[in-house]
Amino acid sequence: MIPFDLRSPSTGNALKADAPHALRDAETGERWPVIDGIPYLRVGRAALVERVLAHLDAGELDEALCALLADQDDWWTGPAADPAGILSLIKARRTATLRDAVAGLGWGRVGDYFLHRWSDPTFLAGLALLEAHWNEPICVFEFACGIGHYLRELARRGCKVAGADVVFAKLWVARHWVVGEKAQLVCFDAGSPHWPLPGAPVDLVVCHDAFYFLDDKPQTLDCLRQTAGDDGWLAISHIHNRDCPGFSAGRAVTADEVAELFPDALVYDDAELTRALIEARAPVPHEPGDLRACEAFSLVAGPGMRPAPRSVVDGLTLPKAGTALRLNPLYAPEGADYAIHWPSERYEAEYAARATYPPRSPGPEHLTFPGEIDAPETGRARVREFVDLPERW
């Protein structure tokens, strides 16, 4: 565990344990719920916090958990989750699959992205960015970590990991299906009056496919830099370019804004990072002004980053030798082999043109990763024809 010194997001005061299911503001007595080791520190949710704490104090864990799992971020446009479906998932969480979890939480098309993120090109770009500048960090914090796709990869490389997200349900899914018990997870808003994790001892701070959502980007960036400290570094990928409209919501930025926010950064076209991974070479950074036509920016910044990118050959971008791989679940049997079947028209529109995996595969459904860089199976894993999925995917 990373020894975070948690602070109240509303007062900035230290938070101390108050029974197994709550934290208390040491000065004001204000309380915040904790379920499955995940503190819920969202501001502007006073009624929800009060209701959840009442359930917890009464020993009604499932009811408290159901209330938090129904909470969403302000960008959510889908229907509210069915409480009966959430309760069924809670009861079955030890045997349910990740697909069951996504369905029970009512995530719809967002769930499609989470289930197949292990092979989407933006996820690969983030892995390539990290590997190109890897310097053996010990402690890593991911802001807006979702259900923990990157945390899983980092933890399996020996890093101590922590993650934060504004949606408690995503962290809960990370805990039970993706990352496990050792990751430290915290739910809070980027726009809280006080950053709940001041002065955290972290070597690397990452934020993937989420920075463009932030309202006050300079303030949050300042907090992330403080979390990285004087010797750490930042890796931020897939920041949408406002001059090149894409599919996602959020508040995209321009190349000029990237240059202003990150004067010390090495900046990449997100798509260049994916190509570098597939071609097993070093990605090429550019001046932000040269990337005005790219769909999304990625960058590294801070004193701890590598001064130049290295080739993306192994490390985070490939599994360890002996790992059991599965045929990418986007493939379905068709004729004598397998063909891509997209989960939705939107998913196809966003990723089909940039997919790294072939449209058809001869299979098999399972193989073991050999570990040799030149092995045929390595190439198939590199393009994500075969993927390393969680055990209960």
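Following the numbering used here, the numbering of the sequence shown begins with 9 at its first residue and continues without gaps.
We put the beta carbon where it would ideally sit given N, CA and C, even for glycine.
All of these numbers come straight from a predicted model, not from anything done at the bench.
{"Item": "Contact under 7 angstroms by Cβ, F176 with D79", "Value": "yes"}
{"Item": "Residue range of the alpha helix (DSSP H) that includes A133", "Value": "P129 to A140"}
{"Item": "Those runs of the alpha helix (DSSP H) which lie wholly inside the region 242-304 and span at least 4 residues", "Value": "263-269 and 278-287"}
{"Item": "Other residues of its chain near I98: CB distance less than 7 angstroms, five sequence neighbours each side excluded", "Value": "D70, L73 and C74"}
{"Item": "Rounded distance between the beta-carbons of A198 and L179, thought under 8 angstroms", "Value": "Rounded, the Cβ-Cβ distance is 15 angstroms, inconsistent with contact."}
{"Item": "CB-CB length for Q227 against G207, believed under 8 angstroms", "Value": "That belief does not hold up - the Cβ atoms of Q227 and G207 are roughly 17 angstroms apart, past 8 angstroms."}
{"Item": "Member of A243, T262, E393 and G52 whose CA lies at the smallest distance from the CA of A301", "Value": "T262"}
{"Item": "Bounding residues of the alpha helix (DSSP H) (the contiguous stretch that carries F151)", "Value": "Segment C147 to F151 is the beta strand (DSSP E) holding F151; no alpha helix (DSSP H) there."}
{"Item": "Whether G312 touches D239 by CB criterion (7 angstroms)", "Value": "yes"}
{"Item": "Nearest to V186 (by Cα), restricted to the options S200, C195 and R164", "Value": "R164"}
{"Item": "Under the three-state DSSP convention, the category P308 falls into", "Value": "Position check: residue 308 holds Val in this sequence, whereas Pro was assumed. Looking at V308 - three-state DSSP - the assignment turns out to be strand."}
{"Item": "Cβ contact check for the region 305-325 and the region 136-153: 3 or more pairs under 8 angstroms", "Value": "yes"}
{"Item": "Nonlocal neighbours in the same chain, by C-beta distance under 6 angstroms from I244, ignoring five residues either side", "Value": "C215, F219 and L307"}
{"Item": "Rounded distance between the beta-carbons of L269 and P293, thought under 8 angstroms", "Value": "That belief does not hold up - the Cβ atoms of P293 and L269 are roughly 16 angstroms apart, past 8 angstroms."}
{"Item": "For G1, three-class secondary structure by DSSP", "Value": "What the structure shows of the chain is the stretch from 9 to 401, and residue 1 is not part of that stretch, so it cannot be assessed."}
{"Item": "D217 versus A357 - alpha carbon distance", "Value": "18 angstroms"}
{"Item": "According to DSSP, residues forming a beta bridge with K24", "Value": "R32"}
{"Item": "Alpha-carbon to alpha-carbon, D108 and I94", "Value": "10 angstroms"}
{"Item": "Continuous alpha helix (DSSP H) stretch holding I98: start and end", "Value": "P91 to K99"}
{"Item": "Residue range of the alpha helix (DSSP H) that includes P384", "Value": "P384 to R390"}
{"Item": "C-alpha distance - D278 paired with A34, whole-angstrom precision", "Value": "44 angstroms"}
{"Item": "With 16 other Cβ atoms within 10 Å as the buried cut-off, status of H248", "Value": "buried"}
{"Item": "Beta-carbon gap between V266 and P291 smaller than 7 angstroms", "Value": "no"}
{"Item": "Contacts around R32, its chain only, beta-carbon distance under 6 angstroms, and the 5 residues preceding and following it disregarded", "Value": "K24, D26 and R39"}
{"Item": "CB-CB length for I146 against D211, believed under 8 angstroms", "Value": "6 angstroms"}
{"Item": "Beta-bridge pairing of C215 - partner residues as DSSP gives them", "Value": "I244"}
{"Item": "Option in S200, R183, A170 and L193 with minimal Cα separation from P209", "Value": "A170"}
{"Item": "Beta-carbon proximity check, H202 vs P41, cutoff 7 angstroms", "Value": "no"}
{"Item": "Environment of G134 [buried if 16+ CB atoms lie within 10 Å]", "Value": "buried"}
{"Item": "For A340, the residue or residues it bridges with in DSSP", "Value": "A347"}
{"Item": "Whether Y355 touches Y346 by CB criterion (7 angstroms)", "Value": "no"}
{"Item": "C-beta atoms of A309 and L242 nearer than 7 angstroms", "Value": "yes"}
{"Item": "Buried versus exposed, by CB contacts within 10 Å (16 or more), H349", "Value": "exposed"}
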